[in-house]
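Engineer: Input: one structure, supplied below.
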Amino acid sequence: MNVPIKPISSPLVILYPLILTYAIIRHRFLDIQKLIKNTIIFSLLYVLLLGFVAVLLFLLKETVSRWIGMRESVAQGLAIALAIALYTPLKNGLSRITHRMLYQHSQNPEIIFRALSGDLMHILDASKLMETMVQRISQILSVEKIAFYTRTTSNPYALERAAALGFWRRKHLLFSKSLVLYLEKARGFLVSPLTQAEGRRLEKQKGKNFVDTAKWKLQAEVEIAALGGITAFPVFGKGLLRGILLVGAKKSDMPWREEEFQILASFMRHLALAFENADYAETIRRSRYEIAMRERDNLAGAIIAAVDHEAKNPIHAVSLNLGTLIARLSPSSAAEPSKEELEALTQKIMKRVMEDIQDVSVIIEHLSNLADKKPLLIQENVRPRQIVQKVMEGFAAELSAAKIKLRLEIPEDFTLVCDPAALTEIFVNLLRNAIQATTSAGEIIVESLSENGKTFILQVKDTGSGIPPAVQGRIFEPFFTTKQKGDTPAKRGTGMGLFIVKEYMQGIGGRVEVQSKIGRGTIFRLHFPLLDSVMERTAA
1 MNVPIKPISS PLVILYPLIL TYAIIRHRFL DIQKLIKNTI IFSLLYVLLL
51 GFVAVLLFLL KETVSRWIGM RESVAQGLAI ALAIALYTPL KNGLSRITHR
101 MLYQHSQNPE IIFRALSGDL MHILDASKLM ETMVQRISQI LSVEKIAFYT
151 RTTSNPYALE RAAALGFWRR KHLLFSKSLV LYLEKARGFL VSPLTQAEGR
201 RLEKQKGKNF VDTAKWKLQA EVEIAALGGI TAFPVFGKGL LRGILLVGAK
251 KSDMPWREEE FQILASFMRH LALAFENADY AETIRRSRYE IAMRERDNLA
301 GAIIAAVDHE AKNPIHAVSL NLGTLIARLS PSSAAEPSKE ELEALTQKIM
351 KRVMEDIQDV SVIIEHLSNL ADKKPLLIQE NVRPRQIVQK VMEGFAAELS
401 AAKIKLRLEI PEDFTLVCDP AALTEIFVNL LRNAIQATTS AGEIIVESLS
451 ENGKTFILQV KDTGSGIPPA VQGRIFEPFF TTKQKGDTPA KRGTGMGLFI
501 VKEYMQGIGG RVEVQSKIGR GTIFRLHFPL LDSVMERTAA
């Protein structure tokens, strides 16, 4: 049978690449992950549509020309007109089918809600929470435009745009706007039936005339459309409007479904809980920071007070000594000293000045160490015996001169979890104190103990003069010392050694305690945690 359908099929074949290009752009087929699948699906649907139209037109032309007796050219023209009339509805139908197959293959509300909520409750930063929420809604519901406006402390008059995708005209929403007033009162989402062009036109015409609360909804719909949105969802926290979510058109240009609005409304309630969780975490972080700042300020105050007391004495002594020297060198001096006497006096005074300057230098060094406190480097399998042996070598001359016996009773295989450098500094300070407190022919013992399998203990025990009970509670304070002012600089110290020991032990996760009796000696016990405890503390 000679069926002349070439005039009909040829234009459709020419339109094929144009329709395919339109589909690729409209349905975002340029997504690399979906390109092949989407193109094949649309091509198959188009082939089916083309075949359906061809068969329909053939039957129509044959029926009209044979049964009605109409001329073939007229029948063919009528078929072409019908094809043109059917093109738009068939194209829209094809678009809807493609959308359902490609974007709505999993529209179970429970699945969508779970995908949206996910691990939002674990995000403890409000900014990251808003960014994640916007990204998820855009990806899961194929939303092309979305924005979230939130209440901030920096702007008491408006909600600020905190996260967005796509172009939005405004960076903030004034609290006086009808959209904000309506959502705050209605406490539910609002859908605008207007297009953006209609919304912008109505906003210019009537925007400022809608002051009656009964008309808030109408003006709110206008404002949503003027912004480029389709619907707005409020988010409440502690009874107040926390933010507003504005969503626009979908990527596929398909209409929103009512159940999708309900899913987002439920998700907004979940989001409100996530915001409260993030706010609570921020409150905890702020409280910790404030506590740390108060502790730092208290420590700084104590150090400043101690410096004022401790540094003032050597500086005053320097001033007096130099004043004495100047007075003796003055021509008006009653008895002019000999050259030898002046040299001896000068050397004596300069020696005192150097000692006082050294005291001030040590105080400044300790302050610098406290101000530049570096984090501890916790290591496993630290061998304290090796560390104590190195420290003992540094005190060998003092131990020999004072005839003090030092016994080391720490096994070679005894290990700790700590910072080796901090442990070295701890033993330097404890052994220095023990040597200074121990009389000639005394004894110092450094030994290891264990306690219930929970902690390891190192202790430094001496047979020195002991610490008076009245001051044992203060020995770990900065710049507190029991040494007499008349002692030599080597024995006088600065009162920072035990404070440093306490700070390092707390940083390691352990503690230091003292036991002392006058005339019988002192024991300093260092309690070190086990590996598991240190790892848990580090993770926290």
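Numbering (the numbering used here), first residue to last: 1 to 540. C-beta atoms are modelled at their ideal positions from N, C-alpha and C, and glycine is treated no differently.
Nearest-angstrom Cα distance between Leu190 and Glu221?
Structural biologist: Those two C-alpha atoms are separated by around 7 Å.
Engineer: Could you tell me how far apart the beta carbons of Leu159 and Ile140 are, in whole angstroms, since I believe they sit closer than 8 Å?
Structural biologist: Wrong, their Cβ atoms sit about 24 Å apart, outside the cutoff.
Engineer: How is Asn429 classed by DSSP in three states: helix, strand or coil?
Structural biologist: In the structure shown, Asn429 sits in a helix (DSSP, three-state: H, G or I).
Engineer: Any idea if Pro156 is buried or exposed, counting beta-carbon neighbours within 10 angstroms, 16 or more meaning buried?
Structural biologist: Exposed is the call here.
Engineer: Which whole-angstrom value describes the C-beta separation of Thr482 and Ile467, a residue pair presumed to lie in contact below a C-beta threshold of 8 Å?
Structural biologist: Their Cβ separation, rounded to whole angstroms, is 6 Å, which keeps Thr482 and Ile467 in contact under 8 Å.
Engineer: Alpha carbons only, please: which of Leu423, Val428 and Ala421 is nearest the one belonging to Ala396?
Structural biologist: Of the listed residues, the one whose Cα sits closest to Ala396 is Val428.
Engineer: Spatial neighbours of Val571 within its chain, please: C-beta separation below 7 Å, excluding the five flanking residues on both sides.
Structural biologist: In this structure the chain extends from 1 to 540, so residue 571 is not present and cannot be described.
Engineer: Excluding sequence positions up to five away, which residues of its chain have a Cβ less than 6 Å from the Cβ of Lys461?
Structural biologist: So the list reads Ile445 and Ile523, once near-sequence residues are dropped.
Engineer: Answer yes or no: do Leu605 and Ile146 have a C-beta to C-beta separation smaller than 8 Å?
Structural biologist: Summary: the structure shown does not reach residue 605, with the chain confined to residues 1 through 540, and so no result is reported for it.
Engineer: Check whether the segment 390-407 and the segment 340-359 touch, using three or more Cβ-Cβ pairs below 8 Å as the test.
Structural biologist: Flag = no, the segment 390-407 and the segment 340-359 do not touch.
Engineer: Do you know offhand how far Met254's Cα is from Gly248's?
Structural biologist: Going from the Cα of Met254 to the Cα of Gly248 covers about 11 Å.
Engineer: Look at Ile244 and Pro234 and say whether their C-beta atoms are less than 8 Å apart.
Structural biologist: For Ile244 and Pro234, yes; Cβs fall inside 8 Å.
Engineer: Between Ile187 and Phe236, how many whole angstroms is the CB-CB distance? I'm expecting something under 8 Å.
Structural biologist: Checking the displayed sequence, the identity of residue 187 turns out to be Arg instead of Ile. Right, their Cβ atoms sit about 7 Å apart.
Engineer: Using the beta-carbon count (16 or more within 10 Å), is Ser516 buried or exposed?
Structural biologist: With 16 or more Cβ atoms within 10 Å of its Cβ, Ser516 is classed as buried.
Engineer: If you check the beta carbons only, do Thr463 and Gly521 fall under 8 Å apart?
Structural biologist: For Thr463 and Gly521, yes; Cβs fall inside 8 Å.
Engineer: Taking all protein chains shown into account, do 16 or more other C-beta atoms lie within 10 angstroms of the C-beta of Gly495, making it buried, or fewer, making it exposed?
Structural biologist: By the 10 Å Cβ count, Gly495 comes out buried.
Engineer: Using DSSP's beta-bridge definition, name the partner residues of Asp462.
Structural biologist: The partner list for Asp462 (beta bridge, DSSP) reads Ile444 and Thr522.
Engineer: Within 10 Å of its beta-carbon, does Met505 have 16 or more other beta-carbons around it, so buried, or fewer, so exposed?
Structural biologist: Buried, because 16 or more other Cβ atoms sit within 10 Å of the Cβ of Met505.
Engineer: Taking the alpha carbon of Leu423 as the reference point, which residue from Pro469, Gly442 and Leu376 has its own alpha carbon closest?
Structural biologist: Of the listed residues, the one whose Cα sits closest to Leu423 is Leu376.
Engineer: Under 8 Å by Cβ, that's how I've got Arg525 and Ile457 pegged, so tell me the actual separation to the nearest angstrom.
Structural biologist: That pair is a contact at about 6 Å.
Engineer: Measure the alpha-carbon distance for Met130 versus Leu227 and round it to whole angstroms.
Structural biologist: Going by the C-alpha atoms only, they are around 20 Å apart.
Engineer: Going by alpha carbons, who is nearest to Ala327 out of Gly497, Leu342, Gly473 and Lys403?
Structural biologist: Closest option to Ala327, Cα to Cα, is Leu342.
Engineer: Less than 8 Å between the C-beta atoms of Met133 and Leu120, yes or no?
Structural biologist: Their beta carbons are under 8 Å apart, which means Met133 touches Leu120 by this criterion.
Engineer: Strictly by DSSP, which residues pair up with Lys250?
Structural biologist: Answer is Val143, bridged to Lys250.
Engineer: Kindly give me the distance between the Cβ atoms of Gly473 and Asn433, rounded to whole angstroms, as I take these residues to be in contact under 8 Å.
Structural biologist: Between Asn433 and Gly473 the Cβ distance is about 17 Å, and since that is not below 8 Å, they are no contact.
Engineer: Thinking just about the alpha-carbon of each residue, which of Arg294, Ile349, Ile263 and Trp216 is nearest to the one in Asn108?
Structural biologist: With distances taken between Cα atoms, Asn108 lies closest to Ile263.
Engineer: Out of Glu184, Leu246 and Glu412, which one is the CA nearest neighbour of Val143?
Structural biologist: Of Glu184, Leu246 and Glu412, the residue nearest in Cα terms is Leu246.
Engineer: Is it buried or exposed, Arg407, if we count other Cβ atoms within 10 angstroms and call 16 or more buried?
Structural biologist: Exposed is the call here.
Engineer: CA-CA distance, Leu329 and Ala441?
Structural biologist: Leu329 and Ala441: Cα-Cα distance of roughly 46 Å.
Engineer: Grab me the residues of Thr195's own chain with a C-beta within less than 7 Å of its C-beta, minus the 5 sequence neighbours each way, in chain order.
Structural biologist: Around Thr195: Ala225.
Engineer: On the CB-based measure, 16 or more other CB atoms within 10 Å of its CB, does Leu240 come out buried or exposed?
Structural biologist: When all chains shown are included, Leu240 counts as exposed.
Engineer: So Gln459 and Glu443 are in contact, right, with Cβ under 8 Å, and what is the actual spacing, rounded?
Structural biologist: With a Cβ gap of about 14 Å, Gln459 and Glu443 do not count as contacting.
Engineer: Give a yes or no on whether the C-beta atoms belonging to Val391 and Leu431 are separated by under 8 Å.
Structural biologist: Yes, they are a contact pair.
Engineer: Here's a check: name, in chain order, each residue in its chain whose Cβ is nearer than 6 Å to the Cβ of Gly507, leaving out the five neighbours to either side.
Structural biologist: Hits under 6 Å: Leu376.
Engineer: To which residues does DSSP link Ile457 through a beta bridge?
Structural biologist: DSSP output for Ile457 lists Leu449 and His527 as bridge partner(s).
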